[in-house]
Structure formats: C-alpha cells, structure tokens
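Undergrad: Okay, handing you the structure first.
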Amino acid sequence: MAHYTELFPDDGRMCPDCWGFGRAAVTVGTRHDDGSYTIVFANCIGCNGLGWLPLQIIAGVYDAAIGRRVVDRVL
C-alpha cells in the first residue's frame, strides 16, 4: 500500500475541509426492482472531490484564519 504522502502531488497537500476524503458515496433508501439501492455521490466543495489542494490555496486559507484571529483579539 502506498504511503499517504505518495497519494498527493508534490505541489499540493491534503484538503483541510475533507481530510483527503474528497468524494463520498451515500446510499439512499430508494430500492430498485432488481434489489439495488440508489447511490448518490457527494464531492467536497473545497477541493471539488480531489482530496488535495495546491499549496498556494492552503497557505491563503491559513493566512486568512490567522488574520481573523488577530483581528478578533484586537477588537
């Protein structure tokens, strides 16, 4: 099995919104005539289902969060 660092490109890191699980399959209660269920796929909004983000976007998200904390302390 691949190490988790090999799953992401060199210029990207794991998405902080979905922790690398960018796509989820949800089984809803609708049952078809053949006995199977309807499956709905949901993608992470932050990474669009990839599970990783480019480093520039990650750095911008963390810088914005740090800036908000500083502003909250000053106010």
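Numbering (the working numbering), first residue to last: 1 to 75. Virtual Cβ for every residue (Gly too), placed ideally from N, Cα, C.
(1) Rounding to the nearest angstrom, what Cα-Cα distance links glycine 20 and tyrosine 37 in this structure?
(2) What residue from Ala24, Leu50, Arg23, Val40 has the CA that sits closest to threonine 30's CA?
(3) Exposed or buried, glycine 35, counting other C-beta atoms within 10 Å across all chains shown (16 or more means buried)?
(4) Going straight from the alpha carbon of glycine 46 to that of threonine 27, what length do you get?
(5) If you follow the beta strand (DSSP E) that glycine 29 is part of, which residue opens it and which one closes it?
(6) Along the chain, where does the beta strand (DSSP E) containing isoleucine 45 start, and where does it finish?
TA: In short, the structure shows the following:
(1) Numbered from its first residue, the sequence shown carries residue 20 at position 20. Numbered from its first residue, the sequence shown carries residue 37 at position 37. The alpha-carbon atoms of glycine 20 and tyrosine 37 are separated by roughly 26 Å.
(2) Here residue 30 corresponds to residue number 30 of the sequence shown, with the count starting at 1. Among Ala24, Leu50, Arg23, Val40, the Cα nearest to that of threonine 30 belongs to Val40.
(3) Here residue 35 is taken as the residue at index 35 of the sequence shown, counted from 1. The residue in question, glycine 35, is exposed, as its Cβ has fewer than 16 Cβ neighbours within 10 Å.
(4) Counting from 1 along the sequence shown, the entry for residue 46 is found at position 46. Counting from 1 along the sequence shown, the entry for residue 27 is found at position 27. Each residue's alpha carbon lies about 22 Å from the other.
(5) On the sequence shown, position 29 is the one that residue 29 refers to. Taken as a continuous stretch (DSSP letters only), the beta strand (DSSP E) holding glycine 29 covers 23 to 31.
(6) Numbered from its first residue, the sequence shown carries residue 45 at position 45. It is not in any beta strand (DSSP E) - isoleucine 45 carries neither H nor E in the DSSP assignment.
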